[in-house]
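J.:
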Amino acid sequence: MIKPLPSVKPRRSRQRVSPAAHRRHLSASSCIRSRDDLSFTRRDASGRLVNWMVPQRAGEWHVHYGIGESWFDEVVQLARHDPEEAYTALRMAGPLLLPYMNFGHAEGFFNRMAQWAVGGILAADGQLALPFELPSLGEAVHPGMAFYRQPPPDSSIG
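What the sequence shown shows, in our numbering, is residues 3 to 160, in sequence order.
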């Protein structure tokens, strides 16, 4: 069970958690081994996992940005124990965080995600190697689909 987050000095009668305090909490807490252990997930009354619980958005953008970065750090911890669960958390982040753009949480999360993605691309030998099977959501290009790969015809008149 994850311990409650340490709080910083309250301002305007609302307790806030600084990004640094949140990161200290992560390093001191038990290991994150499933999506249930992530600080931004909860179970609803029916027991279903709610993948992204974004906290109240009133406050300072840069604080929310730091919280978003620390959320990604949690996913990194999860990936070390269960890469497939981490993949699922990352895959769901895009559509579920989109409504919260411009509040800082999503920007911090996706900035940290981009840093790790580029680091992984540069470290890889040209092949993606994952310890689990990826779902196949798209179709390979079929011979009849070559039309879609061609540049558009010149539409100038005259």
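Backbone N, C-alpha and C define an ideal beta-carbon position, used for all residues, glycine too.
#1: Is it right to say GLY68 is buried, meaning 16 or more other beta carbons lie within 10 angstroms of its own, or is it exposed?
#2: Once the 5 residues before and after ASP46 are set aside, which same chain residues still bring their CB inside 6 angstroms of it?
#3: How many Å lie between GLN129 and TRP118 at the Cα?
#4: DSSP three-state call for ARG151: helix, strand or coil?
#5: Within 10 Å of its beta-carbon, does VAL77 have 16 or more other beta-carbons around it, so buried, or fewer, so exposed?
#6: On the DSSP bridge assignment, give the partners of LEU51 in chain order.
#7: If you measure between the beta carbons of LEU98 and GLU87, is that distance less than 9 angstroms?
#8: Reducing DSSP to helix, strand and coil, say where PRO97 ends up.
#9: Could you tell me which of LEU92, GLY61 and SER48 sits nearest to LEU40, measuring between CA atoms?
#10: When burial is assigned at 16 or more other CB atoms within 10 Å of the CB, is HIS107 buried or exposed?
#11: Output the boundary residues of the alpha helix (DSSP H) element that contains ALA116.
#12: In terms of residue numbering, what span does the alpha helix (DSSP H) encompassing LEU80 cover?
#13: What whole-angstrom Cβ distance do MET55 and PHE42 have, given they're in contact under 8 angstroms?
#14: List the whole-angstrom C-beta distance separating GLY61 from GLY110, where the pair is believed to meet the contact cut-off of C-beta under 8 angstroms.
T.: On the basis of the coordinates in this document:
#1: Indexing the sequence shown from 1 puts residue 68 at position 66. GLY68 comes out buried.
#2: In the sequence shown, residue 46 corresponds to position 44, counting from 1. Cβ neighbours of ASP46 beyond the five flanking positions: VAL52.
#3: As a position in the sequence shown, residue 129 is number 127, starting the count at 1. As a position in the sequence shown, residue 118 is number 116, starting the count at 1. Going by the C-alpha atoms only, they are around 16 angstroms apart.
#4: To locate residue 151, count along the sequence shown from 1; it is residue 149. Residue state, collapsed to three classes: helix.
#5: As a working mapping, residue 77 is identified with position 75 in the sequence shown. The residue is buried, with at least 16 neighbouring Cβ atoms inside 10 Å.
#6: For the purposes of this step, residue 51 is taken as residue 49 along the sequence shown, with counting starting at 1. DSSP lists ARG45 as partners of LEU51.
#7: Counting from one through the sequence shown, the residue named residue 98 turns up at place 96. Counting from one through the sequence shown, the residue named residue 87 turns up at place 85. No. Outside cutoff.
#8: In the sequence shown, counting from the first residue as 1, residue 97 sits at position 95. PRO97 falls in the helix class under three-state DSSP.
#9: Counting from one through the sequence shown, the residue named residue 40 turns up at place 38. Among LEU92, GLY61 and SER48, the Cα nearest to that of LEU40 belongs to LEU92.
#10: As a position in the sequence shown, residue 107 is number 105, starting the count at 1. With 16 or more Cβ atoms within 10 Å of its Cβ, HIS107 is classed as buried.
#11: For the purposes of this step, residue 116 is taken as the residue at position 114 of the sequence shown. It spans 107-125 - the alpha helix (DSSP H) in which ALA116 sits, taken as one unbroken run.
#12: In the sequence shown, residue 80 corresponds to position 78, counting from 1. Its alpha helix (DSSP H) spans residues 63-83.
#13: Translated into the one-based positions of the sequence shown, residue 55 becomes position 53. Translated into the one-based positions of the sequence shown, residue 42 becomes position 40. With 8 angstroms as the limit, MET55 and PHE42 qualify as a contact, their Cβ atoms being about 5 angstroms apart.
#14: What you label residue 61 is simply residue 59 of the sequence shown in a count that begins at 1. What you label residue 110 is simply residue 108 of the sequence shown in a count that begins at 1. Their Cβ separation, rounded to whole angstroms, is 13 angstroms, which puts GLY61 and GLY110 out of contact at 8 angstroms.
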